[in-house]
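Mapping of the sequence shown onto full-length UniProt numbering: position 250 corresponds to residue 250, and the numbering continues sequentially without gaps.
Idealized CB from N, CA, C, for every residue including glycine.
Note that the structure is a prediction, hence the values are computed from the model and not measured.
Notes for the one structure printed next.
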Amino acid sequence: MSETAFIFVDVETTGTRATRDRVTEIAALKVVNGELVDRWSSLIYPECKVPAQITQLTGIRDDMLADAPRFAQIAESLREWLGDGQLVAHNARFDYSFLRNEFKRAGQDYRAALICTLRLSRRIAPQERQHNLKALLNRYGITPTRRHRAGDDVDALWSLWQTWHVEHSDEAWQRLLGDERRHRTLPAHLDSAQLEGLPACPGVYLFYGHNRLPLYVGKSINLRSRVLGHFQRDHQDDKEMRLAQQVQHIEWEETAGDLGAQLREAQLVKTLMPIMNRQLRKQRKLTTWHWAEEADHPELLSGSALTQPLGGTLYGLFRNAREAKNALRTIAEEQQLCPRVLGLEKGKGRCFANQVGKCRGACNGQETIAAHTQRAQEALIQLQVNVWPWPGSIAIEEKSAGATASAWHVVRQWCYLGSAASFNKAQTLAETPASFDVDSYRILNRFLRYPEQHGLTVTPL
Numbered sequence: 001m002s003e004t005a006f007i008f009v010d011v012e013t014t015g016t017r018a019t020r021d022r023v024t025e026i027a028a029l030k031v032v033n034g035e036l037v038d039r040w041s042s043l044i045y046p047e048c049k050v051p052a053q054i055t056q057l058t059g060i061r062d063d064m065l066a067d068a069p070r071f072a073q074i075a076e077s078l079r080e081w082l083g084d085g086q087l088v089a090h091n092a093r094f095d096y097s098f099l100r101n102e103f104k105r106a107g108q109d110y111r112a113a114l115i116c117t118l119r120l121s122r123r124i125a126p127q128e129r130q131h132n133l134k135a136l137l138n139r140y141g142i143t144p145t146r147r148h149r150a151g152d153d154v155d156a157l158w159s160l161w162q163t164w165h166v167e168h169s170d171e172a173w174q175r176l177l178g179d180e181r182r183h184r185t186l187p188a189h190l191d192s193a194q195l196e197g198l199p200a201c202p203g204v205y206l207f208y209g210h211n212r213l214p215l216y217v218g219k220s221i222n223l224r225s226r227v228l229g230h231f232q233r234d235h236q237d238d239k240e241m242r243l244a245q246q247v248q249h250i251e252w253e254e255t256a257g258d259l260g261a262q263l264r265e266a267q268l269v270k271t272l273m274p275i276m277n278r279q280l281r282k283q284r285k286l287t288t289w290h291w292a293e294e295a296d297h298p299e300l301l302s303g304s305a306l307t308q309p310l311g312g313t314l315y316g317l318f319r320n321a322r323e324a325k326n327a328l329r330t331i332a333e334e335q336q337l338c339p340r341v342l343g344l345e346k347g348k349g350r351c352f353a354n355q356v357g358k359c360r361g362a363c364n365g366q367e368t369i370a371a372h373t374q375r376a377q378e379a380l381i382q383l384q385v386n387v388w389p390w391p392g393s394i395a396i397e398e399k400s401a402g403a404t405a406s407a408w409h410v411v412r413q414w415c416y417l418g419s420a421a422s423f424n425k426a427q428t429l430a431e432t433p434a435s436f437d438v439d440s441y442r443i444l445n446r447f448l449r450y451p452e453q454h455g456l457t458v459t460p461l
């Protein structure tokens, strides 16, 4: 019985986003029982222009592709040629993601087992720093005809494979391939040993790139499942693909539960500023609407008002005054409130909204100010902000289901100050300087509305 074929493949593309960029060239070699038995190669018309920087890198120009077939035209024959062979490529998930997406556009669901020669190189020579194809070819004295052309790169890859095979006994070589198959979904630059102790419990995880550049911070109630899940969606998510291409190191911290994980994630994002976290970053100065107890309209204040002992009620947290006014204006239009009485317009007497039937007349006596105030405050309830209800700091005890140890999260003025393993240690955090944090506010509001449902115990400090 013959072995399953190895398909050595290389693709050239119009960019790095597998879901949006397109393939411009494919070259593949079919190897069975260690012998090269067939070759497949074609330029592909990408149905879009080739960016200038890609042409400079690969030499592939638009005029070279004008008469080339579209991928859909060769999809069926290529799929039949590939069969159930195992794909072998350098940084294999990149090439595989582009192939999967091109086949998907052509109406076919293509899946294949992968062997990544970049990962193999890291196993074979862990002491080496460089594992890109150019570095490997130089190391082994393999000279390609050209670089960044699919046919030449795939020939060079086959030469590299043969060199490795000669260097290793059959037993050692099969062991290397077995290790690679077991970790085929992991990023090419990530040592699989880093994930061996990854627990299936709540916590936060940190992805780092070259020179420990922070790439991404995330949280989960199951760290192992969430981290590994990042590397199984790279073919359908550009962000996951960028992450998989760049991540080289992973760290994680276990937490007592979901609350601790969410608070720590928000804190780490603000501290490390990872390049792929768009949410939870440091926010500009917030604004909020304050409606004093005896006032007939709200006043726009800084978000720091949440830490002040103000009477009345606060409504909404907005990034700037324009966003705050637009939100209030929208509610006014929906509820036929008077924009002039609300302070959104200047002037005296009847407002324009009343003239066109969009205000019930609080501006000219058709509606009493008291009735207007009541209607406005009822409409704003959806935006009501909870003022810090404790005189100082609190400690929130959290214990995961089945866990024997607790964590105490210390909070003041909706600001997360840190966590401790005991109540006594938590008390030492109570006087840490604090400033209002909108992300902590939103997280804590969800959990503290019904703390017992989340297994939390709140103790003032």
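Report the rounded CA-to-CA distance for Gly455 versus Gln384, giving the unit in angstroms. 26 Å
What number of angstroms, rounded off, separates the C-alpha of Thr24 from the C-alpha of Ala52? 14 Å
Which runs of the beta strand (DSSP E) spanning at least 3 residues fall entirely within the region 16-92, listed in chain order? 23-32, 35-43, 86-89
I need the straight-line Cα distance from Val458 to Gly418, nearest angstrom please. 15 Å
On the three-state DSSP scale, how would you describe Ala420? strand
Range covered by the beta strand (DSSP E) that runs through Tyr216: 214-220
Opening and closing residue of the alpha helix (DSSP H) in which Phe352 lies: 352-355
Would you say the region 310-323 touches the region 338-357, given that touching needs at least three Cβ pairs under 8 Å? no
Are the beta-carbon atoms belonging to Leu190 and Ile250 less than 8 Å from one another? yes
Taking Gly209 and Trp252 to be in contact with their CB atoms under 8 Å, please state how far apart those CB atoms are, rounded to whole angstroms. At roughly 16 Å, the Cβ-Cβ gap does not stay under 8 Å, so Gly209 and Trp252 are not in contact.
Around the Cβ of Glu240, are there at least 16 other Cβ atoms within 10 angstroms (buried) or fewer (exposed)? buried
Taking buried to mean at least 16 other C-beta atoms within 10 Å of its own C-beta, is Trp408 buried or exposed? buried
Quick one: what does DSSP say Ser192 is sitting in, helix, strand or coil? helix
Note down the Cα distance separating Thr14 from Arg22, rounded to an integer number of angstroms. 5 Å
Quick check: the region 115-134 against the region 67-83, are at least 3 beta-carbon pairs closer than 8 Å? no
C-alpha gap between Asp10 and Asn132, whole angstroms: 14 Å
Ser41: which of Thr4, Phe6, Gln413, Asp152 sits nearest, CA to CA? Asp152
Cβ shell of Phe447 (< 7 Å), same chain only, five flanking positions each side left out: Leu259, His454, Leu456
Give me the DSSP bridge partner(s) of Trp291. Thr313
Please classify Leu186 as buried or exposed, where buried requires at least 16 neighbouring CB atoms within 10 angstroms. buried
Three or more C-beta pairs below 8 Å linking the region 52-68 and the region 101-109: no
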